[in-house]
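Right, one structure below, let's go through it.
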Amino acid sequence: MTDFQKQVYAIVAKIKSGQTATYAEIAQQIGRPRAYRAVGNALNKNPFMGTVPCHRVIKSNGEIGGYAKGTKAKQRLLKKEGAKTMAND
-10 MTDFQKQVYA IVAKIKSGQT ATYAEIAQQI GRPRAYRAVG NALNKNPFMG TVPCHRVIKS
50 NGEIGGYAKG TKAKQRLLKK EGAKTMAND
């Protein structure tokens, strides 16, 4: 696991239920604002699904983006938690 991935997972682990962050916001917090695609790639390889809630990371335009278990599963989880996205507004 790379240092970048560790940083991504540490930040995402702090996102509370019902809240979301964008890939770009995560990249910004790491100090690499243009690395939003790399954030997505790191989350696609997330080995800590139980403790790193990668489903809470969405696109900057409010769309839900990808998810290893499928976008429908991501949408269901976000809706269940009460998170605001374009998909469930």
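The sequence shown maps to residues -10 to 78 in the numbering used here.
C-beta: ideal position from N, C-alpha, C; glycine also.
From what residue to what residue does the alpha helix (DSSP H) around residue i run?
{"i": "residue -2", "result": "-8 to 1"}
{"i": "residue 52", "result": "Unbroken run through residue 52: none, as it is neither H nor E."}
{"i": "residue 68", "result": "60 to 70"}
{"i": "residue 21", "result": "Per DSSP, residue 21 belongs to no alpha helix (DSSP H) and is neither H nor E."}
I'd like to check one pair, residue j with residue i: are the Cβ atoms closer than 8 Å?
{"i": "residue 11", "j": "residue 48", "result": "yes"}
{"i": "residue 83", "j": "residue 30", "result": "Examination of residue 83 is not possible in this model, given that the chain is present from -10 through 78 alone."}
{"i": "residue 0", "j": "residue 17", "result": "no"}
{"i": "residue 65", "j": "residue 4", "result": "no"}
What do you get for residue i, buried or exposed, if any count of 16 or more other CB atoms within 10 angstroms of its CB means buried?
{"i": "residue 40", "result": "exposed"}
Can you tell me which residues form a DSSP beta bridge with residue i?
{"i": "residue 4", "result": "For residue 4, which the question treats as bridged, DSSP gives no partner whatsoever."}
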